[in-house]
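First comes the structure, then the notes that go with it.
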Amino acid sequence: MTRSDKKQPVLHRRRSLRLSNLQHGGYNLLILSRTTTEVKLGIKEPVKLGSFTVHRKRHKALGDANAVAPTPSCSPTIAMHTRRTTRATLSDPDNPDQALTWREHDLALKAQELEQRLAAVSKKEEETSALLQQAKEREARDIFQQLEEHFTCSLCYDIMASPFSLNAAGQCGHTFCAMCILKWYILAFA
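What follows is the structure, given as structure tokens:
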């Protein structure tokens with residue numbers, strides 16, 4: 001069975017949606033599940049958030065006759081919890097206090113979600129700072145080790161004091177401590 005063979009549209013916004021056919025091609029939508037934010041916060045019971053009627057409208061950009069869009073009279077709870085591209089109005093002429101309560105609830109959930117995201121970003125920033133510090137220390141150790149290897153006298157195995165290079169004609173070009181090469185030269189030819 002293909003998607004076009006189904007009479008009811010498939011909605012992926014919420015976990016539990018029940019659709020029942022109404023007259024004139026509309027659907028009655030009853031929301032029984034929780035939002036993902038409520039699941040993250042640990043609210044365990046599904047709450048009946050409300051219901052509204054949606055009608056089939058032709059999607060202008062895609063030319064889809066099966067696209068479903070909410071009617072302008074949908075409840076404020078649906079408008080806040082479904083996050084559709086076409087915004088529904090938040091004002092309910094029957095109960096404006098309930099609309100404000102839901103708005104406060106939604107903003108509190110958003111604030112808590114933003115605090116969690118901020119904590120996660122701060123933790124990642126600290127981890128990144130620690131990694132950068134470790135990389136700097138490792139690089140400094142490597143540079144020091146290379147310098148130590150390069151400037152170590154091969155006669156006394158210490159860091160060169162007064163380096164002297166054998167760069168005259170016919171000499172090898174090695175570098176030693178001035179006192180070490182002088183002692184070696186005196187002992188070698190004495």
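In terms of the UniProt record's numbering, the sequence shown opens at residue 1 and continues consecutively. Beta carbons are placed, not taken as given, at the ideal position from N, Cα and C, and that holds for glycine.
query: If you draw a straight line from the alpha carbon of Ala-130 to that of Ala-140, how long is it in whole angstroms?
result: 15 Å
Integer Cβ distance of Ala-178 from Ser-154, believed to fall under 8 Å: Not confirmed; about 14 Å, so no contact.
query: When you compare only the Cα positions, how much space is there between Asn-167 and Gly-173?
result: Distance between the alpha carbons of Asn-167 and Gly-173 is about 5 Å.
- request: Label Thr-85 either buried or exposed according to how many other C-beta atoms from any shown protein chain fall within 10 Å of its C-beta, with 16 as the threshold for buried.
  value: Caution is warranted here: a pLDDT of 36 is assigned to Thr-85, below 50, making its placement in the model unreliable, and no coordinate value can be reported.
field: Separation of Cys-180 from Ala-188, as counted between CA atoms
entry: The alpha-carbon atoms of Ala-188 and Cys-180 are separated by roughly 12 Å.
task: Check the C-beta distance from Thr-152 over to Ile-159 and give it rounded, since I have them as a contact under 8 Å.
output: Confirmed, Cβ separation roughly 6 Å.
query: What residue range is occupied by the uninterrupted beta strand (DSSP E) comprising Phe-144?
result: Premise fails: Phe-144 lies in the alpha helix (DSSP H), 96–150, not in any beta strand (DSSP E).
query: How far does the beta strand (DSSP E) with Cys-177 in it reach, from first residue to last?
result: 175–177
- prompt: Who does Ser-165 pair with in a DSSP beta bridge?
  reply: Thr-175
- prompt: For His-24, which residues of its own chain have a beta-carbon under 7 Å away from its beta-carbon, when the five flanking residues on both sides are left out?
  reply: Below a pLDDT of 50, predicted positions are generally treated as unreliable, and His-24, at 41, falls in that range; the measurement from the model is reported next regardless. Once the five neighbours on either side are set aside, His-24 has no close Cβ partner at all.
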